[in-house]
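Okay, so here's the structure we're looking at.
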Amino acid sequence: MSQPHRKLGIGVIGAGGIANGAHFPNYVRNPRARLVAVADISLDVARAAAERWDIPHVYTDYRELLRNPEVEAVSVTTWAGAHADPVIAAAEAGKHILCEKPIAIDLADADRMVAAAQRAGVKFTMGYQPRFSHLWNTVKRLLDEGTIGTIQALNIVSCAPSAHRTAWFLRKSQAGGGVLMDWGIYTAFMINWFLGPVESVFGTYRRFREQNFAGGQLVPDADVEDTVAATLQFASGAVGTWYTTWAATARHGYTSIDGSVGSILLRGGSGDGPSVFTIRWDEPDYLRGWRQLPLVELQNSEQHYRKLDHLVSAVLDDEPLVMTGADGRDALELVLSIYRSAETGQPVRLPLVREVALAR
Ligand SMILES: NC(=O)c1ccc[n+]([C@@H]2O[C@H](COP(=O)([O-])OP(=O)(O)OC[C@H]3O[C@@H](n4cnc5c(N)ncnc54)[C@H](O)[C@@H]3O)[C@@H](O)[C@H]2O)c1
Numbered sequence: 162m163s164q165p166h167r168k169l170g171i172g173v174i175g176a177g178g179i180a181n182g183a184h185f186p187n188y189v190r191n192p193r194a195r196l197v198a199v200a201d202i203s204l205d206v207a208r209a210a211a212e213r214w215d216i217p218h219v220y221t222d223y224r225e226l227l228r229n230p231e232v233e234a235v236s237v238t239t240w241a242g243a244h245a246d247p248v249i250a251a252a253e254a255g256k257h258i259l260c261e262k263p264i265a266i267d268l269a270d271a272d273r274m275v276a277a278a279q280r281a282g283v284k285f286t287m288g289y290q291p292r293f294s295h296l297w298n299t300v301k302r303l304l305d306e307g308t309i310g311t312i313q314a315l316n317i318v319s320c321a322p323s324a325h326r327t328a329w330f331l332r333k334s335q336a337g338g339g340v341l342m343d344w345g346i347y348t349a350f351m352i353n354w355f356l357g358p359v360e361s362v363f364g365t366y367r368r369f370r371e372q373n374f375a376g377g378q379l380v381p382d383a384d385v386e387d388t389v390a391a392t393l394q395f396a397s398g399a400v401g402t403w404y405t406t407w408a409a410t411a412r413h414g415y416t417s418i419d420g421s422v423g424s425i426l427l428r429g430g431s432g433d434g435p436s437v438f439t440i441r442w443d444e445p446d447y448l449r450g451w452r453q454l455p456l457v458e459l460q461n462s463e464q465h466y467r468k469l470d471h472l473v474s475a476v477l478d479d480e481p482l483v484m485t486g487a488d489g490r491d492a493l494e495l496v497l498s499i500y501r502s503a504e505t506g507q508p509v510r511l512p513l514v515r516e517v518a519l520a521r
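Under our numbering, the first residue of the sequence shown carries the number 162, and numbering increases by one thereafter.
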């Protein structure tokens, strides 16, 4: 039953960059959310957030936050490698969950998280805000409506200079990987959403920048890849290529999708704003040509607002989620498959589940 006038009690676990940049401010401006608690392993960080965003309950241990009955749903915004335990504990405490990307850095953890939420019957969504962008939704609609026919190929080039604020992003033990795990995980979600499932991958990675910086400081123990190139084969028979790097000196990139009767070209974040072009080969000569679709993209903050409201509304209106923890798990599986291929020098078939289960 819909509860249009009720405010959902929210707790935030991890009060760092993305919590302050996107979660706190967008819960504050959501008329159907109420920030009631914050937890961070650093008391100073948790207190500073509580003061800034006027949050009544402050904890250093997320398990105490989860015992607070006013908390009905949580954002988990800890380091990538520290999502699994709070998400599972939140599910077991009966709280609904939004977990930042990537879901985890280990597939078995991701499976445990999804299973815990299913067992508890709580809603579990992910932090991929581009899922709500007009760019992605326009392309998804074009694909679903068959505008370019049967899909043959997807090619992705996604390049930018690295710009991290904190060192953990550059350590495999905390981040699980580099450009592919941190930035590529959004693309992995997009690939699955647009064309999935992927049947096999063949990938390689490099570290071109031996010295890595975060927040202007040298991170001497940085050990993640900065560049990945992979080929993809889809269960549908389509093929794909994916090149991504944060070792580029300039931001550039595109995604192209070729179908039996046309093509789609999308550009995002190139400095000119996102855009979608289509062309159809079955049109008469005098009409044929690349056509730019009208697209006024949402501000980044609006995409974050929608991703958080997605959970709030799903709970209060008792509606199904359009993006779930299981989607986060599948994006992680794609990324880990490419890492495995790069490390073994062999093509890797998906799903990985069986191999992971056997390896443990
Ligand atoms: N969706 C996006 O646009 C976006 C952008 C940036 C980061 N992220 C993701 O958000 C997450 C956090 O990134 P960030 O940039 O905010 O990092 P951050 O280092 O700024 O903040 C993380 C915070 O979590 C706290 N923390 C760590 N373990 C904890 C635990 N067990 N309990 C409580 N607090 C704990 C740390 O003390 C820190 O304050 C990562 O998964 C990252 O990939 C998403």
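Even for Gly, the Cβ is constructed at its ideal location relative to N, Cα and C. Note that the structure is predicted; figures quoted are calculated from it, not measured.
Near ligand 1: residue i beta-carbon under 7 Å from a heavy atom
i, result
"P186", "no"
"A200", "yes"
"K262", "yes"
"T238", "yes"
"P435", "no"
"W344", "no"
"S294", "no"
"G423", "no"
"G177", "yes"
"S323", "no"
"T405", "no"
"G288", "yes"
"A180", "yes"
"A243", "yes"
"S203", "yes"
"V206", "yes"
"S512", "Checking the sequence shown, residue 512 turns out to be Pro, not Ser. Not so, every heavy atom of ligand 1 lies at least 7 Å from the Cβ."
"Y223", "yes"
"I309", "no"
"P247", "yes"
"I174", "yes"
"W329", "yes"
Rounded C-alpha distance that separates residue i from residue j
i, j, result
"T439", "V199", "46 Å"
"N298", "Q290", "12 Å"
"V275", "F285", "8 Å"
"T308", "E480", "29 Å"
"W214", "A176", "11 Å"
"D387", "T410", "12 Å"
"L469", "S294", "14 Å"
"R412", "T405", "11 Å"
"Q335", "A492", "18 Å"
"G432", "N373", "Since pLDDT at G432 reaches only 48, below the 50 mark, its modelled position is unreliable, and the value read off the structure follows with that caveat. Approximately 24 Å between the Cα atoms of the pair."
"W240", "L454", "38 Å"
"G401", "I216", "46 Å"
"A278", "D478", "19 Å"
"L513", "R167", "42 Å"
"T327", "G242", "14 Å"
"V517", "A269", "Note on V517: pLDDT 45, under 50, position unreliable in the model; the coordinate value appears next. Looking at the two C-alpha atoms, the distance is approximately 7 Å."
"L169", "H244", "22 Å"
"W442", "R452", "12 Å"
"R273", "V237", "16 Å"
Beta-ladder partner(s) of residue i, from DSSP
i, result
"R441", "G423"
"W147", "For residue 147 there is no data in the structure shown, the boundaries of the chain being 162 and 521."
"L477", "Bridge partners of L477: none, in fact."
"M287", "C260"
"T416", "I317 and L427"
"T365", "A390"
"E374", "Glu is not the amino acid found at residue 374; the sequence shown has Phe there. Answer is L379."
"R452", "T439"
"A194", "L169"
"Y447", "Looking at the DSSP assignment, Y447 forms no beta bridge with any residue, so it has no partner."
"Y220", "A200"
"I105", "Because the chain here runs from 162 to 521, residue 105 falls outside it and cannot be looked at."
"S236", "V173 and L259"
Collapsed DSSP secondary structure at residue i in the structure displayed
i, result
"M342", "helix"
"A180", "helix"
"P435", "coil"
"L459", "coil"
"G486", "helix"
"G175", "coil"
"T505", "helix"
"V189", "helix"
"E212", "helix"
"E231", "coil"
"P512", "coil"
Proximity test, residue i beta-carbon vs ligand 2 heavy atom, cut-off 7 Å
i, result
"Y447", "As for ligand 2, it is missing from this structure, which binds only ligand 1."
Any chain D beta carbon closer than 8 Å to residue i
i, result
"A200", "Protein chain content of the structure displayed is limited to a single chain, and chain D is not contained in it."
- Message: For the structure I just gave you, are there three or more beta carbon pairs, one from the segment 187–206 and one from the segment 488–506, closer than 8 Å?
- Response: Taking a cut-off of 8 Å for Cβ pairs, the segment 187–206 and the segment 488–506 do not touch, as fewer than three such pairs fall below it.
- Report yes or no: do the segment 418–432 and the segment 308–324 share at least 3 C-beta pairs separated by less than 8 Å? Contact between the segment 418–432 and the segment 308–324 is present, because at least three Cβ pairs lie under 8 Å.
- Task: Spell out a yes or no on whether the segment 482–491 and the segment 203–219 are touching, meaning 3 or more CB-CB pairs, one atom from each, closer than 8 Å.
- Result: No, the segment 482–491 does not touch the segment 203–219.
- Would you check if the segment 374–393 and the segment 331–345 touch, i.e. whether three or more CB-CB distances between them fall below 8 Å? Contact holds: three or more Cβ-Cβ distances are below 8 Å.
- Query: Touching or not, the segment 340–360 and the segment 260–272, by the rule of three or more beta carbon pairs under 8 Å?
  - Reply: At 8 Å Cβ cutoff, the stretches touch.
- Item | Cβ pair count under 8 Å reaching 3, the segment 239–255 against the segment 453–463 | Counting Cβ pairs under 8 Å, fewer than three are found: no touch.
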